[in-house]
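Asks: Quick one: this structure, given as structure tokens, is what I'll be asking you about.
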Amino acid sequence: MNDFSGLLWLIVLLLGNAFFVAAEFAVMSARRSQIEPLADDGDKRAIRALKAMEQVSIMLAVCQLGITVCSLLILNVAEPAIHHLFVVPLELLGLSEALAGTTAFLLALLIVTFLHVTFGEMVPKNVSVSKADKAVLLLAGPLLWLSVVVHPLVVSLNWIANIFLHAMKVEPKNEVNSAFTAAEVQTIIASSAHHGTLEAADAVRLRKALEFSNLTAASTMVASDQVVTLERGTTVQEYERTVGRTGFSRIVIATEGEFMGYWHMKDVMAIPDDRYRQPISGIELRPLGVVPEGAEIEDAMEQMRADGKHLARVVDTSGKTLGVLFLEDVLEQLVGEIDDQNQKRGIRRENRSAQ
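Here it is as structure tokens:
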């Protein structure tokens, strides 16, 4: 093999090594959340990428095999060509044959190592990690094809490796793990907010969502002795004054301490003005939902939404009412303070406020 062929093979092998390095990091770093929507839309490259990510053990074995073969061939094919290119000039400079040979070998080794590490390893690795989603779409197809070509060899090597892993009590993984615990997600949110890739308000909202699951109906409810109530025979005037004083648009109606239901502000506002000072009648109480005290807050919210209830009694195991859970309070745990527009603009009608 002449020197020109050796240099040409050096370029080819460096490209081959770069491909396997890039493919290895792309398969490991790509996010399924970015690839799956494309696959659902029928993108063939995304479908191949998911297939590669689901066979990560085999894909890594192919990459490692390719990197090893390319590295060995670079040393055995390219190094002698570069070595020969340096020997002749060094001998012309007056160095002895032995000294020229040793110097040429060291120079060739240094150059090949530099090219191999820089362009065969570091550059493709960093590009692939930075653009993992795009890289896996580009490289997964050729990698899958190569895995078919060397399938018997790769499966055998992977089987032997798994034997040693089991001996060390390590469970081999065939798919990239894309799931995170709540604590890990909180760390990701904090890091993203710190580096400015996530707005502070969004970070707070996400943290609240993660903390949401730790709450129960009992921890979020308003205790019975703190619930604002009115008696069944209350007048329209008393109801509107209570709403104006508290800012609540829904008032629980009680009889001898028992919560019977509630009226919404708009129910009462529909009563004619001539009955302003009369007991409320002619409108039905809206029933309260019922949730157990130990229910996780998301389960309680789902039950209230399914039942179409904005308020629910929180009961213990014996059925005793411990308090009232307001859907608004549940939502505030998730998204923060909710401004009640009814509270802002008030509810008293102008013609009634003068009475």
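Counting in the UniProt record's numbering, the sequence shown runs from 1 upward without gaps. The beta-carbon is built from N, C-alpha and C at its ideal position, and this holds for glycine as well. Keep in mind the model is a prediction, meaning the values are calculated, not measured.
1) Which whole-angstrom value describes the C-beta separation of V324 and R313, a residue pair presumed to lie in contact below a C-beta threshold of 8 Å?
2) Could you tell me if T220 is buried or exposed, where buried requires 16 or more neighbouring beta carbons within 10 angstroms of its beta carbon?
3) Taking DSSP's pairing of strands, which residues face R313 in a bridge?
4) For S318 and F326, what's the separation of their Cα atoms in angstroms?
5) Please report the distance separating the alpha-carbon of A18 from that of V112.
6) Return the CA-CA distance between residue 356 and A217, expressed in angstroms with no decimal places.
7) Using C-beta distances below 7 Å, list every residue in its chain close to I297, excluding the 5 sequence neighbours before and after it, in chain order.
8) Can you tell me whether DSSP reads R241 as helix, strand or coil?
9) Helix, strand or coil for L285 per DSSP?
10) What number of angstroms, rounded off, separates the C-alpha of W263 from the C-alpha of A132?
11) Report the partner residues of T229 according to the DSSP bridge assignment.
12) With a Cβ-Cβ cutoff of 8 Å, do R286 and T235 count as a contact?
13) Please report the Cβ distance between M59 and L143, rounded to the nearest whole angstrom; I am assuming they are in contact, meaning their Cβ atoms lie under 8 Å.
14) Quick one: grab the DSSP three-state call for A223.
15) Assuming residue 408 and F105 make a contact with CB atoms under 8 Å, what is their CB distance in whole Å?
16) What would DSSP say about M168, mapped onto helix, strand or coil?
17) Locate the beta strand (DSSP E) running through G261, then write down its first and last residues.
18) Using CA coordinates, which residue listed in Y239, V315, D307 and H310 is at the minimum distance from S281?
19) Opposite T102 in the DSSP bridges: which residues?
20) From W9 to L85, what does the alpha carbon distance come to, in whole angstroms?
21) From the DSSP output, which residues share a beta bridge with P279?
22) Along the chain, which unbroken stretches of the alpha helix (DSSP H) at least 4 residues long are found entirely within the segment 100-139?
23) So what does DSSP say about L10, is it helix, strand or coil?
24) Sort E293, Q237 and F259 by Cα distance to R275 and report the nearest one.
25) What's the call for A108, buried or exposed, on a 16-neighbour Cβ count within 10 Å?
26) Please tell me whether residue 387 and V77 are closer than 8 Å, where the distance is taken between their beta carbons.
27) Among the residues of its own chain, which have a CB less than 7 Å from the CB of D340, if the five just before and after it don't count?
28) Please classify Q55 as buried or exposed, where buried requires at least 16 other C-beta atoms within 10 Å of its C-beta.
29) Ignore the nearest five residues each way along the sequence and tell me which others in N158's own chain have a CB closer than 7 Å to its CB.
30) Thinking C-beta only, is T229 closer than 8 Å to D252?
31) Give me the Cα-Cα distance between K320 and A300, rounded to the nearest whole angstrom.
Replies: Quick answer:
1) One-based indexing of the sequence shown puts residue 324 at position 324. One-based indexing of the sequence shown puts residue 313 at position 313. Right, their Cβ atoms sit about 6 Å apart.
2) Taking the first residue of the sequence shown as 1, we reach residue 220 at position 220. Counting the other Cβ atoms within 10 Å of the Cβ of T220 gives 16 or more, which makes it buried.
3) Here residue 313 corresponds to residue number 313 of the sequence shown, with the count starting at 1. DSSP, once it has assigned bridges, lists V290 and V324 as partnering R313.
4) Looking up residue 318 in the sequence shown gives position 318. Looking up residue 326 in the sequence shown gives position 326. Whole-angstrom Cα-Cα distance: 21 Å.
5) Here residue 18 is taken as the residue at index 18 of the sequence shown, counted from 1. Here residue 112 is taken as the residue at index 112 of the sequence shown, counted from 1. Distance between the alpha carbons of A18 and V112: 14 Å.
6) This structure cannot speak to residue 356, because the chain is shown only from 1 to 355.
7) Along the sequence shown, read from residue 1 onward, the residue named residue 297 stands at position 297. Result list for I297: F212, L215, T216, A217, T220, V330 and Q333, in chain order.
8) As a position in the sequence shown, residue 241 is number 241, starting the count at 1. Three-state result, R241: helix.
9) Looking up residue 285 in the sequence shown gives position 285. The DSSP-derived three-state label of L285 is coil.
10) For the purposes of this step, residue 263 is identified with residue 263 of the sequence shown, where counting begins at 1. For the purposes of this step, residue 132 is identified with residue 132 of the sequence shown, where counting begins at 1. Answer to the nearest angstrom: the Cα atoms are 56 Å apart.
11) In the sequence shown, counting from the first residue as 1, residue 229 sits at position 229. Answer is V252, bridged to T229.
12) The sequence position of residue 286 within the sequence shown is 286, counting from 1. The sequence position of residue 235 within the sequence shown is 235, counting from 1. Contact flag unset, no.
13) In the sequence shown, counting from the first residue as 1, residue 59 sits at position 59. In the sequence shown, counting from the first residue as 1, residue 143 sits at position 143. Contact holds; Cβ gap of about 6 Å.
14) Position 223 of the sequence shown holds residue 223. Of the three classes helix, strand and coil, the one that applies to A223 here is strand, per DSSP.
15) Past the edges of the chain, shown from 1 to 355, lies residue 408, and the structure says nothing about it.
16) Start at 1 with the first residue of the sequence shown, and residue 168 comes out as number 168. Looking at M168 - three-state DSSP - the assignment turns out to be coil, as it is neither helix nor strand.
17) Taking the first residue of the sequence shown as position 1, residue 261 is located at position 261. Taken as a continuous stretch (DSSP letters only), the beta strand (DSSP E) holding G261 covers E258 to H264.
18) As a position in the sequence shown, residue 281 is number 281, starting the count at 1. The shortest Cα separation from S281 among Y239, V315, D307 and H310 belongs to Y239.
19) To locate residue 102, count along the sequence shown from 1; it is residue 102. T102 is not bridged to any residue.
20) To locate residue 9, count along the sequence shown from 1; it is residue 9. To locate residue 85, count along the sequence shown from 1; it is residue 85. Taking the straight line joining both Cα atoms gives about 15 Å.
21) Position 279 of the sequence shown holds residue 279. For P279, which the question treats as bridged, DSSP gives the partners T235.
22) 123-130
23) The sequence position of residue 10 within the sequence shown is 10, counting from 1. Helix at L10.
24) Here residue 275 corresponds to residue number 275 of the sequence shown, with the count starting at 1. Closest option to R275, Cα to Cα, is Q237.
25) For the purposes of this step, residue 108 is identified with residue 108 of the sequence shown, where counting begins at 1. Buried, by the Cβ-count rule.
26) This structure cannot speak to residue 387, because the chain is shown only from 1 to 355.
27) Against the sequence shown, residue 340 aligns to sequence position 340. Residue confidence is low: D340 scores 47 on pLDDT, short of 50, so the model does not pin down where it sits. Its coordinate-derived value is still stated next. Excluding residues within five positions, the ones whose Cβ falls inside 7 Å are G247 and S249.
28) Looking up residue 55 in the sequence shown gives position 55. With 16 or more Cβ atoms within 10 Å of its Cβ, Q55 is classed as buried.
29) Counted from its first residue, the sequence shown places residue 158 at position 158. Here the set comprises S57, I58 and A61.
30) What you label residue 252 is simply residue 252 of the sequence shown in a count that begins at 1. What you label residue 229 is simply residue 229 of the sequence shown in a count that begins at 1. Sequence check: residue 252 is Val here, not Asp. Yes, these two residues count as a Cβ contact at 8 Å.
31) The residue labelled residue 320 in the question sits at position 320 within the sequence shown. The residue labelled residue 300 in the question sits at position 300 within the sequence shown. Cα-Cα distance, rounded: 17 Å.
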